[in-house]
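Numbering (this note's numbering), first residue to last: 50 to 333.
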């Protein structure tokens, strides 16, 4: 089931399957900003990554000396979410732990995803509830893919801060311990497919908390991720989209020991507590 929220400036379509954003358009012109999910390249649009981000070493982890198995990016994106609140410009989805999730992730949780439209901005809020009497380890992240109408090299990313980008390369989906650097020119990263020959660019930290996608020197939209300490940028070679991925956590390193409580980047949420993270897309 797909549900629409809208105002006079933008409209968003969200699927109950994974509570996934599948369309974001200007209301008047119908211009589309989200990737169409063509399976020739990548069949998703904007999945939510939970309760892990990226890949676990051997696709498994240890908790209380018991081994559990989780596939890349976790299971939220493959589950049906219930709508628990809806107005013309806001909708809240909910996924609660169940018998199937407990086999992979032995914690009682609720994940709420709220989409809110305000003027020309879409705000996406993750609200994670720990319904256990113990700490709950988790990571969470967004994976929105933005459609690019022109050739890939017509686009660039403008960062809020003047910084040198330090990223961690992937090897068999795991992070290497040695980082590499990308120098920006006037805060700008021109997009080329060669940047992604070894998969995503993974940043454990960025000074910038706002990035613009720019088409031929004209900004298209702002992407704000104040609440997220980590970030990924990704595309498939020759695909007409770019993913900007705000994360809390990231893939295992090649030297990870498998203990989920000691996983680099993991959040340990206190019992009976909840925490929220918001990112925003502002159409220009």
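Positions of the beta carbon are idealized from the N, C-alpha and C atoms, including for glycine.
For clarity, every value in this text was computed on a predicted model and none was experimentally measured.
#1: Tell me whether the segment 291-300 and the segment 97-111 touch, counting them as touching only if at least three CB pairs, one residue from each stretch, are closer than 8 Å.
#2: Shorter than 7 Å, the distance from the beta carbon of residue 206 to the closest heavy atom of the ligand FAD, or not?
#3: For the beta strand (DSSP E) containing residue 144, list its first residue and its last residue.
#4: Could you check the C-alpha separation between residue 132 and residue 306 for me, to the nearest Å?
#5: Between the alpha carbons of residue 271 and residue 89, how many angstroms are there, rounded?
#6: Go to residue 116, then tell me how far its beta strand (DSSP E) extends in each direction, as first and last residue.
#7: In three-state DSSP terms, what is residue 126?
#8: If you scan the segment 185-272 from start to end, which runs of the beta strand (DSSP E) of 3 or more residues do you find wholly inside it?
#9: Closer than 7 Å by C-beta to residue 123: which residues in its own chain qualify, once you throw out the five before and the five after it? Chain order, please.
#10: Along the chain, where does the beta strand (DSSP E) that runs through residue 301 open and close?
#11: Residue 269 to residue 332, Cα distance in whole Å?
#12: If you follow the beta strand (DSSP E) that residue 77 is part of, which residue opens it and which one closes it?
#13: Going by beta carbon distance, what residues of the same chain come within less than 8 Å of residue 327, once the five residues before and after it are set aside?
#14: Go ahead and label residue 135 buried or exposed: buried means 16 or more other beta carbons lie within 10 angstroms of its beta carbon, across all protein chains shown.
#15: Could you check the C-alpha separation between residue 261 and residue 223 for me, to the nearest Å?
#16: Considering Cα atoms alone, identify which of 112, 286, 198, 318 is closest to residue 245.
#17: Buried or exposed for residue 193, going by 16 or more other Cβ atoms inside 10 Å?
#18: Run through DSSP, which three-state label would residue 150 get?
#19: May I have the straight-line CA-CA distance separating residue 218 from residue 243, to the nearest angstrom?
#20: Return the residue from the list 259, 81, 220 that minimises the CA-CA distance to residue 107.
#21: Taking the CB atoms as reference points, tell me whether residue 237 and residue 213 lie closer together than 8 Å.
#22: Please return the same chain residues whose Cβ sits closer than 6 Å to the Cβ of residue 257, not counting the five positions on each side in sequence.
#23: Given that a residue counts as buried once 16 or more other Cβ atoms are within 10 Å of its Cβ, and exposed if not, what is residue 94?
#24: Can you tell me whether residue 291 is helix, strand or coil according to DSSP?
#25: Considering only the alpha carbon of each residue, which of 158, 249, 150, 228 lies closest to residue 295?
#26: Say whether the segment 313-321 touches the segment 177-188, bearing in mind that this needs 3 or more beta-carbon pairs closer than 8 Å, one atom from each stretch.
#27: State the beta-bridge partners of residue 317 as determined by DSSP.
#28: Going by the beta-carbon positions, is the gap between residue 67 and residue 128 smaller than 8 Å?
Let me lay it out:
#1: The answer is yes - the segment 97-111 touches the segment 291-300, with three or more Cβ pairs under 8 Å.
#2: Only the bare structure without any ligand can be found here, which leaves the ligand FAD out of the picture.
#3: Unbroken beta strand (DSSP E) run through residue 144: 139-145.
#4: Between residue 132 and residue 306, the C-alpha separation is close to 38 Å.
#5: In this structure, the CA atom of residue 271 is about 28 Å from the CA atom of residue 89.
#6: 115-118 is the extent of the beta strand (DSSP E) around residue 116.
#7: Three-state result, residue 126: helix.
#8: Every beta strand (DSSP E) of 3 residues or more that sits fully in the segment 185-272 is shown, in chain order, as 185-187, 189-191, 194-196, 204-208, 213-216, 229-232, 237-239, 250-252, 259-264.
#9: So the list reads 98, 99, 100, 101, once near-sequence residues are dropped.
#10: Secondary structure note for residue 301: it is in no beta strand (DSSP E), with a DSSP letter that is neither H nor E.
#11: Counting only the Cα atoms, residue 332 lies some 6 Å from residue 269.
#12: Counting along the chain, residue 77 falls outside any beta strand (DSSP E), and DSSP gives it neither H nor E.
#13: By the criterion of a C-beta distance shorter than 8 Å, residue 327 is surrounded in its chain by 172, 173, 174, 175, 275, 276, once the five residues flanking it on both sides are discounted.
#14: Residue 135 is exposed by the Cβ-count criterion.
#15: If you draw a straight line from the Cα of residue 261 to the Cα of residue 223, it comes to about 28 Å.
#16: Nearest C-alpha to residue 245: 286.
#17: Its Cβ being crowded by 16 or more others within 10 Å, residue 193 is buried.
#18: Three-state DSSP puts residue 150 in a helix.
#19: If you take the alpha carbons of residue 218 and residue 243, they lie about 13 Å apart.
#20: Nearest C-alpha to residue 107: 220.
#21: No. Outside cutoff.
#22: Short of 6 Å from the beta carbon of residue 257, and not among the five residues preceding or following it, lie these beta carbons of its own chain, in chain order: 208, 209, 210.
#23: Its Cβ being crowded by 16 or more others within 10 Å, residue 94 is buried.
#24: In the displayed model, residue 291 falls within a strand according to three-state DSSP.
#25: Measuring from the Cα of residue 295, the nearest candidate turns out to be 249.
#26: Yes, the segment 313-321 touches the segment 177-188.
#27: In the DSSP assignment, the residues bridged to residue 317 are 186.
#28: The answer is yes: Cβ separation under 8 Å.
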